Structure formats: structure tokens, C-alpha cells
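Protein chains: 2
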Amino acid sequence: MKRPFEAKCVDLSTAGIRVLVLHTEDARDLDLKAMDRAAVTTNGAEPVHCIVDLTDTFVSPGQAGLFKEAYSKLNISDGDKVYIEPMGKPASIAHIKEKMDGKQHSDTEVREIIHGLMSEDLSDVELTAWITAIYIRGLEKEETLSLTRAIVDSGTTLKLNAKRVFDKHCIGGVAGNRTTMIVVPIIAAAGLTVPKTSSRAITSPAGTADTMEVLCPVNLGKDDIETIVNKIGACIVWGGAVNLAAADDKLIRIRHPLSLDPRGMLLASIMAKKKAVGATDVIIDIPVGEGAKIKTAEEATILAKQFNALGASLNMNIHSLLTNGNHPIGLAVGPTIEARETLRILNGENVSPELIEKSSQLAGVLLEVGGKAARGKGRDMALELIQNGKAGIKFREMIEHQGGDGKIKIDDVPMAQYEYTVTADTEGRIEQINNKGVSAVVRNAGAPSDKVAGMYLHVEEGDRIRKGQPLFTVYAKSERKIEQALEAYKQTQPIRMAKIILQTLE
Amino acid sequence: MKRPFEAKCVDLSTAGIRVLVLHTEDARDLDLKAMDRAAVTTNGAEPVHCIVDLTDTFVSPGQAGLFKEAYSKLNISDGDKVYIEPMGKPASIAHIKEKMDGKQHSDTEVREIIHGLMSEDLSDVELTAWITAIYIRGLEKEETLSLTRAIVDSGTTLKLNAKRVFDKHCIGGVAGNRTTMIVVPIIAAAGLTVPKTSSRAITSPAGTADTMEVLCPVNLGKDDIETIVNKIGACIVWGGAVNLAAADDKLIRIRHPLSLDPRGMLLASIMAKKKAVGATDVIIDIPVGEGAKIKTAEEATILAKQFNALGASLNMNIHSLLTNGNHPIGLAVGPTIEARETLRILNGENVSPELIEKSSQLAGVLLEVGGKAARGKGRDMALELIQNGKAGIKFREMIEHQGGDGKIKIDDVPMAQYEYTVTADTEGRIEQINNKGVSAVVRNAGAPSDKVAGMYLHVEEGDRIRKGQPLFTVYAKSERKIEQALEAYKQTQPIRMAKIILQTLE
Numbered sequence: 292m293k294r295p296f297e298a299k300c301v302d303l304s305t306a307g308i309r310v311l312v313l314h315t316e317d318a319r320d321l322d323l324k325a326m327d328r329a330a331v332t333t334n335g336a337e338p339v340h341c342i343v344d345l346t347d348t349f350v351s352p353g354q355a356g357l358f359k360e361a362y363s364k365l366n367i368s369d370g371d372k373v374y375i376e377p378m379g380k381p382a383s384i385a386h387i388k389e390k391m392d393g394k395q396h397s398d399t400e401v402r403e404i405i406h407g408l409m410s411e412d413l414s415d416v417e418l419t420a421w422i423t424a425i426y427i428r429g430l431e432k433e434e435t436l437s438l439t440r441a442i443v444d445s446g447t448t449l450k451l452n453a454k455r456v457f458d459k460h461c462i463g464g465v466a467g468n469r470t471t472m473i474v475v476p477i478i479a480a481a482g483l484t485v486p487k488t489s490s491r492a493i494t495s496p497a498g499t500a501d502t503m504e505v506l507c508p509v510n511l512g513k514d515d516i517e518t519i520v521n522k523i524g525a526c527i528v529w530g531g532a533v534n535l536a537a538a539d540d541k542l543i544r545i546r547h548p549l550s551l552d553p554r555g556m557l558l559a560s561i562m563a564k565k566k567a568v569g570a571t572d573v574i575i576d577i578p579v580g581e582g583a584k585i586k587t588a589e590e591a592t593i594l595a596k597q598f599n600a601l602g603a604s605l606n607m608n609i610h611s612l613l614t615n616g617n618h619p620i621g622l623a624v625g626p627t628i629e630a631r632e633t634l635r636i637l638n639g640e641n642v643s644p645e646l647i648e649k650s651s652q653l654a655g656v657l658l659e660v661g662g663k664a665a666r667g668k669g670r671d672m673a674l675e676l677i678q679n680g681k682a683g684i685k686f687r688e689m690i691e692h693q694g695g696d697g698k699i700k701i702d703d704v705p706m707a708q709y710e711y712t713v714t715a716d717t718e719g720r721i722e723q724i725n726n727k728g729v730s731a732v733v734r735n736a737g738a739p740s741d742k743v744a745g746m747y748l749h750v751e752e753g754d755r756i757r758k759g760q761p762l763f764t765v766y767a768k769s770e771r772k773i774e775q776a777l778e779a780y781k782q783t784q785p786i787r788m789a790k791i792i793l794q795t796l797e
Numbered sequence: 292m293k294r295p296f297e298a299k300c301v302d303l304s305t306a307g308i309r310v311l312v313l314h315t316e317d318a319r320d321l322d323l324k325a326m327d328r329a330a331v332t333t334n335g336a337e338p339v340h341c342i343v344d345l346t347d348t349f350v351s352p353g354q355a356g357l358f359k360e361a362y363s364k365l366n367i368s369d370g371d372k373v374y375i376e377p378m379g380k381p382a383s384i385a386h387i388k389e390k391m392d393g394k395q396h397s398d399t400e401v402r403e404i405i406h407g408l409m410s411e412d413l414s415d416v417e418l419t420a421w422i423t424a425i426y427i428r429g430l431e432k433e434e435t436l437s438l439t440r441a442i443v444d445s446g447t448t449l450k451l452n453a454k455r456v457f458d459k460h461c462i463g464g465v466a467g468n469r470t471t472m473i474v475v476p477i478i479a480a481a482g483l484t485v486p487k488t489s490s491r492a493i494t495s496p497a498g499t500a501d502t503m504e505v506l507c508p509v510n511l512g513k514d515d516i517e518t519i520v521n522k523i524g525a526c527i528v529w530g531g532a533v534n535l536a537a538a539d540d541k542l543i544r545i546r547h548p549l550s551l552d553p554r555g556m557l558l559a560s561i562m563a564k565k566k567a568v569g570a571t572d573v574i575i576d577i578p579v580g581e582g583a584k585i586k587t588a589e590e591a592t593i594l595a596k597q598f599n600a601l602g603a604s605l606n607m608n609i610h611s612l613l614t615n616g617n618h619p620i621g622l623a624v625g626p627t628i629e630a631r632e633t634l635r636i637l638n639g640e641n642v643s644p645e646l647i648e649k650s651s652q653l654a655g656v657l658l659e660v661g662g663k664a665a666r667g668k669g670r671d672m673a674l675e676l677i678q679n680g681k682a683g684i685k686f687r688e689m690i691e692h693q694g695g696d697g698k699i700k701i702d703d704v705p706m707a708q709y710e711y712t713v714t715a716d717t718e719g720r721i722e723q724i725n726n727k728g729v730s731a732v733v734r735n736a737g738a739p740s741d742k743v744a745g746m747y748l749h750v751e752e753g754d755r756i757r758k759g760q761p762l763f764t765v766y767a768k769s770e771r772k773i774e775q776a777l778e779a780y781k782q783t784q785p786i787r788m789a790k791i792i793l794q795t796l797e
């Protein structure tokens, strides 16, 4: 049953789904309820599938309210004639219901759901039900594999000349953990191919993409990435600008409101991105500790085994590494000062020693796996590539090819106009520096949207300090932001001193 | 962190949630992601809570797009200054997550979620996750009780003078099962109080409210219902016009796309509506059979016991009745012809004998429960109240008080302009008449939105028929609709003849 309507075009774009707004009376007549589907067509054109919303006021009977996604696809204007025909539910809805009932998905079923997600034939409500069901019922190994492959196929994939492609991933949660910008130039300097796509900050004060962007553009497309990597062996770009693993971003949007992180989906999300760049050899950095995402070694071991098994099924060689995630790794936190710290390290300066050590160890694993270093010699070779300047040269080559100034000096990187240094009000020993508290300070200083915002730690865990000694400096673009950051410091108290007398009872 | 914005008012109303549309850059600056929450205020006014949606085009940086629900509540116009402050998640989100993890809700937690639903502080995505979790994890008896009470408290309740209030409910799925319009006048004629609220058709071709509306208005408010019932003891109105069990309608909207019918929610939904009208004694008609919602007696028995137990906790006296749901009960299907059939039956004509018998038996249970008939004598008393015209007089009194013409004659009810009678093309015995097929025919004829659309069955299950004998008549307002109905008949074949030779192999 197809009925003609007059289009009312609404200059509004909705995240996700195409919406058709109908008057309650018309909907009743067409037997359509809110969240049902209808096909909208003009004469002879390809139908556009929409989700129905109802109103008593916004459109009159006989009118069809169409949001931007729908009317631009139909290529119509306000007042044009459109036809509306109710549609059944897509088959993938039955699969979602089956997952709720505890059934295992077939490969085809997973593909149909991801297709429904990409074609926007599935609504947020339906996708939420699916993700909730997966959270409760779990995904079997084969289902996770199917999901990974479907996510890979939902986007573009890189075509590189190298036979072996190396990559690294960190599951996050540690402040100042900017190893990527050191590991990538080291292994590329040794001749390995590494097309690194990174994320922007989600809950942290800076993602690798945010920090790299201080030095050069990171919003590169597929063609540019392929050209650069085929030429110089490496890049560090923002993954969001390339259409890799496209379904993943859409899934993350729905997972966000309830912080739903079903294990199978987390694994598929990470591995699909690696597969999409053509990676053959990958290290996964899993920080473990109280302030990190993964709290215990047991939990981390299970996760590591799942990564390795999924990698094997995808013909990828995965090395999962459990690392110390109790405290910040680098001393600089915030895009600009992290970028400056990276340049310093690659210039051979001995700053943020723990960051240098961790980066060398991670790079070392890849150098050994890639046959560039003998077994057990990778870490030393990595350190040497920093010290002899070859990693630094490679890094500047990457900056230059991505459109930045390869000859940039550290002092050319503009700093914040305001800074404030907090000193110790007592002597003692630093017992713990908490990641979450440090993140809160830097975010309150304005990061990641304000790149100059940051916090530089002058002390490390275990340091003995005297009264009046500088503990850290905050950077921000205004005094107000400095105050906000210090307020966050007061509330979160991320630098904890060791105590002898824990409590006094009087 | 509160920031000033310029309001952009969008004359669009969204079902459910209040939306705040921000430019991606501003959202990033405020650390807000899609589906996060923010409080919008003007100077000194009460803040309005919104769900954030992002755009790169619809609003410019510095602008805050506000839909009708939000800007009318804030009482502002386009271009006014508003302040936006990010908000944390409501506590009820933690409860939803806990239900996913299999935890039992406390009474307070259920109330907080229903409060979040009513205040529109919970989004569709969050509510879907909750309903999905309940579908998978289930609700314990105490949780169902909490939910029922929370739904009752979410809307208005009727205040009637009678000490005992009687009611009936049918869980549906059987065509032509219009018992309510016969049961209610019978028991009201005997002196019982019965404030009947009914639904409009959802998946069927006619709801009781649709059929009653052929004879008189059914969109009555709380005050009118109380006045009428206190005066004449009964009414039959549309439940949707009164604000009873308000949360239920909102839950049904979310349950619809995935046809999610978690048992605890179904029980709470039905019982809350009974409790809200103040019912003390209720019969629940549970049709059982292949073509009905409940397929087996075992399943029906479990459901019946759950109704009875929940009723006891709510201080209600519940009588669940398993009834034959294999085939249509009345011979007339469709609002107008059902209304005419009801008038005929209450005039004492012997039409739709099975509908008369079922109505008398249901009314009989209530007459016995209400102390109007001796044990075992209810059905006979009910039949007598039909035959002596007292039920008919009460029914016409109800029509009159609800604003219709109490003296209406059957032929005053306008019929469809077109009709077509299908005759048997072979002799034989009618083995089965299928509910779903009959519904499909009548819906295709135009019901429920077109009240004259319908199907009158001239035969019943078990009838021996000869070739050329009329099987049924379809009614519709146009020839095209008649054709559509006949096409649906061809496809669904709801009238099945008994076969002797089931198959011939040659």
C-alpha cells in the first residue's frame, strides 16, 4: 500500500538513522507505528528506507517530514510529491532477537547485522538491544572472528608493497604513555613497514593523533598514507580520517551512553583496525594495575590469550605484552608538551627515562620479530637507534612527508602562555602518582581541545623530596584554566606521599 | 564548567527525549559526546536536561540547537542566550547496568528508572538496554510487584464510590472476540461497578475502543469517567485518553521495534492498568491455541498463576480463565459490523452463538464473585440478563452517558458502501478458521482506521457446506479495498476445508 505525500524538508541532520516524520493520523492509516520502517520514493527513483517518528503538530496530515539524510538522498525540495510504503523488518532483527535468546550467530548473520548498521537500516534501539545481548550472552570465538571480518569489510583497507607490515596497539588508560611516537620511527629506521593509525583522546587528555598533530597534519586519506608508507616505511595519522573499519565508529557511538564494552566487541574492534591496515605482526600493550583499565594480571592474561588466538585465525602474528600500568609513564602529559618531549627524546636527550625504556623494549620486540635484531638484542638495538639519531631522522622524515616542517626545533613548538609550578609543602617520599588524577588535571587545564594545556611531572614514584621542591608544572592558555586545573588537583590528589603514621586517634 | 550559547530554536518535536544539538567543536570543548547529557539554563531559570546530538552543519559553533520540548520549557526564542553545562549520568543508569549483570532490582531502583523514563532523563538507548536486560535476565516476583506499583504511581488513578470495583482483561489474539461490550452491560445491569478502559487495535483489525467508538465517543477524561461510573455503574472508554499507568505507554513504544514482551513487564503492564482504575476483582481471559498468543495449556497455566500471585500482592482478587483461542469467537470482525452484532445480541437476537456463550460464561464468573449469582448459576443469570433486555437497556444507558444516541437502531449504524460475498467452490466440512488470516483480510479491507471495513463469517468450524454456499462477506469503502482484502484471503487461506485424501502420489 503506497500513498502520496507532500514532502516537508527539515534542514536537520540526525546522527545515524534517516527519519520520516508522519502525522499520527496518516501513520494509523498506513498501519505504521513509531520506530517502524517505511520506504520513501519519488517517481521511478530508488527508494530510501526511513524510520518512522510520529507527531501531532510538526507536520500536517498528508505531509511527510524528511531530515537531511533522506531528502538529499532523494534529491527533492520542500513541497515535492513523495510516495510512502510501509516496510517489514529487516532479517537482521530476527538475528538480534536470537542472540537475546542465547543463540550463537552464524557468519552470515553477523554480516547481515553489520550490513544493517552500515546501511542505516537498523535503528539505535535495535543496535542497543544487540550490544546489550552480546554484553550479557557473550560472543563465541567464531562469532568474534566473524565480527572482526565483517568490520574489516565495512571499510577500506590499505594496499602496501611490503610483504610484512608491523603495528602496535595499546589498550590505554596510562597517562603520558606516548610510546607510539618513539617506537614507530625506531623500527622504521631499521627498515620495518609501519602504517600507524592512532586515535584522538576519548577519555584521556591526549591521544597519539592529538599529540602528533602538534607537529604535522594527521588527517590523511588512504592514498596519501599508501604513498608515504610505500616511500619512507612509516606514518602516524588519525585513524578517523581514513575509512578503515567503518562499522567500528558506529558501534562505539551506541556503546558510549552505557559504557558497554563487551569483550568480543572490544577484541573485534581492535583487531579489525589492525587487519584493515594489512598488519601481519602486531604487539598489543596491555597496561595492568590499579589505575589502569585492566586491574589484575589474571584478567590481562585471559585478554592476551584472546588477542593471540583471534590473531592466529586472522593470519596475524600477535604478541600481547602485559606492562606496568600503575603510574604515568612519561613525565609530560598534554599534546604540546608530549610532542616537545618526543622531539627531545629522539634528539638523544635523557628525559622521561621510563618512557624511553618502555619504548625501547616495545620496539625491541618488533625488531626481533621482524628479524632485524637477534633474539634478546632488540631493546639494545632500539636504544642505539635513538642515540645514534637514526630514529630522530626517520621521525623528521615522517613529519615532512605528512606536511609538517621536518626541520622544526623544539623551541619552535609554541608553549602555553600561562604556567604554574606547585612545590612540596612537606618532605617525604612519593608513594604513588595516579593516572586518573593526572588526566583530570590536564583535562581541566583544557586538553585535548586546547593543545597547549598540560602537566609536567618533576618527580617520579619512589622519589625522596624535600619541602619546597617543585612537584609539577601546569600549562594553560588562561589563568582561569590554571585555576581549574589546580582545583582538579586539589580534588583528586594524584601525587600521594608515603605516610608513616597513617592515623592519629586522640 | 558552564558556557554561554546562542539558542537556535527548531520547531520540531521528538517522541521521547529532549535534544540539544551542538557543533562538534563545542562538544569537544565541553567534553560532551553524542548521547551525553547537559543542563540548559537561562539566567536564574530552572535547568532543562537534554541529550546531546552532534552536527558539523546544522548549528554553527556557539549555537545550541533546541527542539520544541526544550525551548518551550525554557520559554525562550531564537537567538536568546542560554548556558550549557555538562551533566553526569543519572543514577538509574547504574541500576540498568546492574540488571545486565544479573542483579535483582530493589524497589527504589525500579522507581528511579521509571522516574527517569517519565522525566525523560533516560534516553531510548538506555531504556532499550534495560528492557533487553529484563528480557534476558527476567524479573523476580518482587521486582514485578515494584514495577507494577511504579507504573500505577506514574499516572492518575480513578476514585470511585463503590467499595468493590470489577474488571476484565483479555490478553488478546482472537478475532471477533468482542466479549467486553456484552459482559460489561450484563454485570452492570446486575449492579456491579465496572469502569472499563479498553485499547485501540495494535495488531488486530479492531480493538474494543475502536468498536465502541462506532456507537459513542470513547475519548473520555478521568472526571467524566468517574461521574458516569458513579451514576450508572459502567462505561467502556479508550484507556489512552485517560492518563492511567502513564509509564506503560512509554515502555510499549520502546518494546515495539523488537517486539520485546518480557513476561514481568507484560504482567506489570496489565495489572498496573487494573490497579489504576481501582479494580478489586478481575477476570483475565487467556485464549489458548495454535492461532492465539499463548499456544499451550502449560504455558497458559504458568501465566495464570503469575497473574493470580501478583494480584494477591496488590490486594486484588484475580480469576484467570484459560479459554479456547483456536478460532474466531464472533462471526463479525471489524469495528462497524462488530458494533451492529453487539446491538443485535443485546436485543436478544440469536447471532454469533459462540460469542453469546463465552460472554455469558465470563459475566457469570463475575456475577458469582460479586455475590449476585449463586455458585454455578452465574452463566444462566447472565444469559437471562441478555434475554430479558436488562443488559441492552444498560448498554444504551452507557452509550447515552458517553455522548452517543442511546436510542440508536441497528440500521442507523452506517455500513460500508461495497461488499462482496465469497462462496464455497467445493462441498465439504470446515476444519479450521484461522485468526491471523481473518485479521489480515479485515486489515487489508481498511480496518481499524476505516471503521466500516470488515468480514462477516457465514460459517463456523465443523460446519458441513455445499458448493456455492456463502462462506463470508467482506465490507470496504472502495472496490480497491475489497480487492486487497480478497487478495489477502487468497494468500492466507484462513478457512481450511477438511481433506480425506491428503496427497496423491502418481
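Heads up: the sequence lines are chains H and R, in that order.
In this text, residue positions in the first sequence follow my numbering: the first is 292, and each later residue adds one.
In this text, residue positions in the second sequence follow my numbering: the first is 292, and each later residue adds one.
Every residue, glycine too, gets a C-beta built ideally from N, C-alpha and C.
Source: prediction; values computed, not measured.
Of the residues R:A767, R:L321, R:Y711, R:F763, the one whose Cα lies closest to the Cα of T494 of chain H is R:L321.
Close to E645 of chain H, with beta-carbon spacing below 9 angstroms, lies no residue of chain R; the smallest spacing is near 28 angstroms. The three-state secondary structure of H749 of chain H, taken from DSSP, is coil.
Of the candidates R:S550, R:K596, R:A567, R:P785, R:A567 places its Cα closest to the Cα of G530 of chain R. Rounded to the nearest angstrom, the Cβ distance from L345 of chain H to C300 of chain H is 18 angstroms, too far for a contact under 8 angstroms. From the beta-carbon of K324 of chain H, the residues of chain R found nearer than 7 angstroms are H547. Your pair G512 of chain R and T484 of chain R does not check out as a contact, with CB atoms roughly 19 angstroms apart and the cut at 8 angstroms.
Taking S604 of chain H as reference, the option from H:I516, H:T571, H:V729 with the minimal CA-CA separation is H:T571. When the five nearest sequence neighbours on each side are left out, the beta carbons in the same chain lying within less than 8 angstroms of the beta carbon of P352 of chain H are those of H314, E316, D317, in order along the chain. Among the residues facing chain R, A481 of chain H is not included, as its CB has no counterpart in that chain under 8 angstroms away. Secondary structure note for G719 of chain R: its beta strand (DSSP E) is the uninterrupted segment 719 to 724. By the criterion of a C-beta distance shorter than 7 angstroms, V475 of chain R is surrounded in its chain by V485, K487, A525, I527, once the five residues flanking it on both sides are discounted. Unbroken alpha helix (DSSP H) stretches of 4 residues or longer found wholly inside the segment 596 to 652 of chain H: 626 to 637, given in chain order. Per DSSP, the beta-bridge partners of M378 of chain H are H:R328.
S414, D415, V416, E417, T419, A420: these are the residues of the segment 392 to 421 of chain H whose beta carbon lies less than 7 angstroms from some beta carbon of chain R, given in chain order. Any Cβ of chain H closer than 8 angstroms to the Cβ of S740 of chain R would place that residue at the interface, and such an atom is present. For A654 of chain R, the three-state secondary structure derived from DSSP is helix. Assignment of R319 of chain H by DSSP, reduced to helix, strand and coil, places it in the helix class.
Under a criterion of Cβ atoms nearer than 9 angstroms, no residue of chain R is adjacent to A330 of chain H; the nearest Cβ is some 17 angstroms distant.
Scanning chain H for C-beta atoms nearer than 7 angstroms to the C-beta of K388 of chain R yields L549, reported in chain order. Runs of alpha helix (DSSP H) with 4 or more residues, each lying fully within the segment 516 to 552 of chain H, are found at 537 to 546, listed in chain order. Using a Cβ-Cβ cut-off of 8 angstroms, D369 of chain H is close to nothing in chain R; its nearest Cβ partner there is about 14 angstroms away. DSSP, reduced to helix, strand and coil, places Q354 of chain R within a strand of the structure shown. Sixteen is the threshold: since fewer than 16 other Cβ atoms of the shown chains lie within 10 Å of the Cβ of T712 of chain H, the residue is exposed.
Listed in chain order, the positions of the segment 744 to 761 of chain H with a beta carbon within less than 7 angstroms of a beta carbon of chain R would be empty, since no residue qualifies. Counting along the chain, the unbroken alpha helix (DSSP H) around L777 of chain R starts and ends at 770 to 783. Positions of the beta strand (DSSP E) runs, each at least 3 residues long and wholly inside the segment 420 to 488 of chain H, are given as 457 to 461 in order along the chain. At a cut-off of 8 angstroms, the C-beta of T633 of chain H has no neighbouring C-beta in chain R. When 7 angstroms is used as the limit between beta carbons, T587 of chain R is near no residue of chain H, the shortest such separation being about 18 angstroms. Closest option to R670 of chain R, judged by alpha-carbon separation, among R:G662, R:G655, R:E659: R:G655.
Taking C-beta atoms as the reference points, L549 of chain R and A325 of chain H fail to come closer than 8 angstroms.
Separation of the CB atoms of A382 of chain H and E411 of chain H is rounded to 16 angstroms, and the pair is thereby denied contact status at 8 angstroms.
The C-beta of F686 of chain R comes no closer than 8 angstroms to any C-beta of chain H. Residue state for M503 of chain R is assigned as helix, using DSSP reduced to three classes. Under DSSP, A298 of chain H forms a beta bridge with H:A355. Boundaries of the beta strand (DSSP E) around M788 of chain R: 786 to 788.
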